[in-house]
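Take a look at the structure set out below.
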Amino acid sequence: MTAALLMGAMPALAGPLDDPHVGGLGFSGPTTGDLTAVYWNPAALGMLQGNQFMFGASLRATRVTVDRAPIDPATGLPGGSRSFPSASGHGFEQPIAWPPGPAGFLAVGAGVARRFALAIATFTPFSQKLSFDVAAGGEQPTRYHLVSIDSRQLALVTGLAIQLSDSLQVGVAPGLLFSYGHLVYDEDTALGGPSATGVENPDAAARYDLATAGTQAPSYFVAGGIHFRRAAWEAGLAYTSAPLGSGGTVKLAMERSQVTYPQTPTPTDLCATLGHSPCVSGEMRYRLPDLFTAGVTWHATRHLDAVGIVRWVRYGSHDQIKIRVVGPSSDVLLGNTLPDQLTLYRGFQDSWDMRARLVHTPVPWFRWSGTLRMETSAVPEANVNAAAVDGLKIEPALATEFALGRHLRVAAGYALTWMFPVTVGTSTFNPAAAAACAQAGSDLSSPACQTRTAGQARPTAAGSYKMLRHTLALMTTVNF
Amino acid sequence: MRARSFTALSFFLALAGCGGQPQFEYDSRPIELLRAPTEPGGPALGATLARVAVGSDTPLLLVDTGSLLSSLRRGVCPAPTTEPAAYDGDIQLLSAWDTRAPLRARFRGVTLFDLCAGAVGDAATQVAGVVGADILRGFSLAFAFPRDSAQPATMTIYSNLPASDSDLAANGYAMMKFNLRGNTAAATASGSGRPGSSSSRVVMRACGNPAAFAPDGPAQTCKTGEVELHASGTNLLLALSTGHGPMVLRASAWQRMGGQAPAPLGEGESPLYSPLVADPIPAHWVTVSRLALVDGDSGDLWPGACAELARGRRIEWTLTNQDNGACFQPCDVSGGGGLPAAAYLEIGSDLPAAVVSDTSDLISNLNEDFPSGAQVDGVVGTGTLAGTRFEIDYVSQPQGRLVAACDPGSDRQTCWASPTCVGPSSSSQTHRCFGLLTRGIAPACPN
């Protein structure tokens, strides 16, 4: 049992939306019999004995560097004379915020008569936070894909596990998902329109600043799993659904939104004539992935466990972000000169998150773990842009845990995530398609308009992308 | 590239599935439409027209929110006496304004009827088919009808309208809820030979010929219980049809408005060409000074469109003159606070209207679903709505919404969109209505 409790696996960083560190760093996984099982594998809750309370927090600092390839100032296509300064993006995630921030974990539960276990937990399975600085000379090279984003999906989940036999347990965890979003990016009004300013001219950029008013009415999802143990082996398999009843789609009412027109000669706030702000309503829709998680723990000796974990994150469903905005009645540009229905192309693909871990427990009151995690990219190379930076990632992590008396354990861990640099040569984003579609009279049957409809008729994202993330996690467990 | 294109298109296959379910493809950008003449010899401000691909031909296609069924003839026109055949077909909607006729929307696997829709506006404007409300009701449709006939009308297809009622009101839109009418059984006994249909026709409460109003004009008094006494105009129930140009009124409604209907009706005058009936309809052409579409329901306690319009105007007058000591009239107060002012869209002036017989096929068609209930008095057409922009949010729950605004620069006498005004409930609160400055609650006048 001790070995089972000490097992676990610890991830490090995952795809652009997914938090792979739910429940802390270094000891959690689909065969872990503590409250983190509500996320990893509800069946493993069946190993819970007595009452337990867990709370923890992670601090995640992400740095993204984008070096865009030069473009032709007339067409916007890569390969011209206009170059860009390097763009730096930063994201710092921590749970002490409102609406509740990412990277936190809070749970309470109890094992009942060695047959059942019940728990309730809150955590943030999906989040993304990144903000790009204004570069030298006031340029914002990533503005047409991302200026900043703060997206959070806070889960409130109940878990139930049943011990079917000494070796077999099943569990289920239905939950609610409370969403919050704030997205800022620019539209190039010169793309596809009669403009003498040329593409990617900041004076022709309209800013879309879209935000929810707090968290939204929840969507719901469910997780289920099975846990099996025999001799020195444990295995767990779990499935977590995407939001149910909506085809996996999350729908956010962007009630605190604003659209600022390009400089003519100065930026025009849509709300200026109304006397109140915000005056733009909107909606954002996107799909979240479902995921499969499998894990195996081998209790090699009394003091050493070996753990393997694989997660299949079905990012392929996250293909687009659909946005509609509704401006004030006095405005006629939105919906004509400026689009009021936008598609931000994502084109994600499924990713595989694999980790190997050793957990060493030299004395009963102390253990430590070392984890090496690798995750494949959720974003095909051609689709990488400032809003979706991803590639093959390697993450070493170290974690340690001390028992302070009979009831209290404190764990801490650190992970460094390094993404192999991604160089986008041929970007899926094609600014020339906007002009070609306009010339075709917006004919839906033309390839250019199909590109525009898909959200790919935007400024190119060709260039090189780098990402580095530091994660520091603390977790406290109280058994009572 | 093929895979990319497939991905792009598949997202827009809004209704899904396999096995013959309709599929829709659109880009939520304005589709430019021609407009038919409002009447023979009239300006091109009437029925909205696209084109449709039929083989190598691109005949005109009517876009009509008032038609309950969609149609597209497959060959020569069948005999009028023949029961129209239904089939699952595709409509490739092309822009009629752009001479290249680009594909702007595609409706696949929809139920169509093989019939000739006939003429709209005048005898020369023949259409090969109709995209009716049975298809359109699956969307939120934004229309813009410029007052200048040299400008195209536009229609934009959205999947929904993601704005709350209160946000729309705060941002200056007149938001009016509507009910859908038109549910009829198949093979009706009307003799029209038309197949059955489901409710998809937008029907609005309206006030015809209300008195002119200016917020700086004289005050109107109204004691408790007199709200209907101080209304001006005639309550109407009108279908919203982008397939008609003028306003259409049945003779009895026109007479309620104080007008005269000669007998026989329409002798020596141009007939009305309606997409809802095969033959031209004898019509008497008149003008209506102004028309207001008013948000409201059909409940027994509802005072009617004209009374709501009058109340809205009184409340606006009070707020406009609040600094000069204006107070809410007793009939507009409940529990110490002002009653809400209903949203309305007022259009003027001297709107062309066709008066048709109560027994005409058009009026029968409009009331076929509800012959013994509240009768539809006629139609609001696109010519009447020139100078306005509106969105028909069919998919809003539990009721559809018509969200209207006037073209920028419109003067009050030609177009005025008044959002609902919900006053503050206490003196410590403020509110902002009718484009006025934010202010606190006005006192109630003594009864």
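Heads up: the protein sequence lines correspond to chains B and E, in order.
Mapping to the numbering used here: the first sequence position 358 is 360, numbers consecutive.
Mapping to the numbering used here: the second sequence position 413 is 450, numbers consecutive.
Even for Gly, the Cβ is constructed at its ideal location relative to N, Cα and C.
Residue-chain proximity (S455(E), chain B), Cβ-Cβ < 8 Å: no
Neighbour flag for A200(E) against chain B, beta carbons, 8 Å: yes
6 Å CB neighbourhood of S234(E) in its chain, flanking five on each side removed: Counting only Cβ-Cβ distances below 6 Å, and skipping sequence neighbours, we find L105, L106, G219, T221.
Beta-carbon proximity of E95(B) to P104(B), cut-off 8 Å: yes
Buried or exposed (CB count within 10 angstroms, at least 16 for buried), R471(B): buried
Separation of A179(E) from I172(E), as counted between CA atoms: 15 Å
Residues of its chain near D321(B), where Cβ-Cβ distance is below 8 Å and the 5 sequence neighbours each way are ignored: Annotation for D321(B): R289, Y347, R348, G349, F350 place their beta carbon closer than 8 Å to its own, counting only its chain and skipping 5 residues before and after.
Residues near Q165(B) by beta carbon distance below 7 Å, same chain, minus five either side: G48, R116, R117, Q171
Reference P4(E), options P80(E), Q58(E), P59(E), closest by Cα: This structure gives no information on residue 4(E), because the portion of chain E shown stretches from 38 to 484.
Contact list for the segment 317 to 335 of chain B against chain E, Cβ threshold 9 Å: D321, Q322, K324, R326, V327, V328, G329, P330, S331, S332, D333, V334
Minimum C-alpha distance to G165(E) - residue among F471(E), P115(E), G375(E): A small fix is needed here, since residue 165(E) is Ala in this sequence, not Gly. Taking only the C-alpha atoms, the option nearest A165(E) is P115(E).
Contained beta strand (DSSP E) runs [length at least 3] in the segment 278 to 316 of chain E, N- to C-terminal order: 284 to 287
Through-space distance from D135(B) to G111(B), alpha-carbon basis: 43 Å
One or two residues paired with A391(E) in a DSSP bridge: V285(E), W322(E)
Contacts that A207(E) makes with chain B (C-beta to C-beta distance below 9 Å): L276, H278, C281, P330
Within 8 Å, strictly: CB atoms of T33(B) and E236(B): yes
8 Å Cβ cutoff met for E377(B) and S353(B): yes
Residues near A344(E) by beta carbon distance below 7 Å, same chain, minus five either side: V264, E265, A268
DSSP state of W354(E) mapped onto helix, strand, coil: Here W354(E) sits in helix by DSSP.
Extent of the continuous beta strand (DSSP E) run through T77(B): Counting along the chain, T77(B) sits inside no beta strand (DSSP E), nor does DSSP assign it H or E at all.
C-alpha gap between Q140(B) and P204(B), whole angstroms: Here residue 140(B) is Gly; the residue named in the question, Gln, does not match the sequence. Those two C-alpha atoms are separated by around 10 Å.
P449(B), enclosing alpha helix (DSSP H) - first and last residue: 449 to 455
For C259(E), three-class secondary structure by DSSP: Three-state DSSP puts C259(E) in coil, outside helix and strand.
Euclidean distance between Cα positions of S60(B) and G26(B): 7 Å
Per-residue burial, L406(B) [other beta carbons within 10 Å of its own, 16 or more giving buried]: exposed
For L306(B), the residue or residues it bridges with in DSSP: H362(B)
Span separating the alpha-carbon of A208(B) from that of D74(B): 21 Å
R231(B) in three-state terms, based on DSSP: Note: R231(B) maps to strand in three-state DSSP.
CB of V261(B) within 8 Å of CB of Y187(B), strictly: no
Short Cβ contact (8 Å threshold) for P220(B) with C273(B): no
The segment 126 to 134 of chain E touching the segment 197 to 212 of chain E, judged by at least three CB pairs closer than 8 Å: no
C-alpha gap between Y310(E) and T425(E), whole angstroms: 23 Å
Proximal residues to V224(B) (C-beta, below 6 Å), its chain only, five neighbours per side dropped: Once the five neighbours on either side are set aside, the close Cβ partners of V224(B) are P176, S243.
Residues near M477(B) in its chain [Cβ-Cβ closer than 6 Å; skip 5 each side]: G26, G58, A413
Any chain E beta carbon closer than 8 Å to Q351(B): No, Q351(B) does not count as interfacial toward chain E.
Assigned exposure category for S227(E) - 16 Cβ within 10 Å defines buried: Residue confidence for S227(E) is low, a pLDDT of 43 falling below 50, so the modelled location carries little weight; the figure read from the coordinates is stated next. With fewer than 16 other Cβ atoms within 10 Å, it is exposed.
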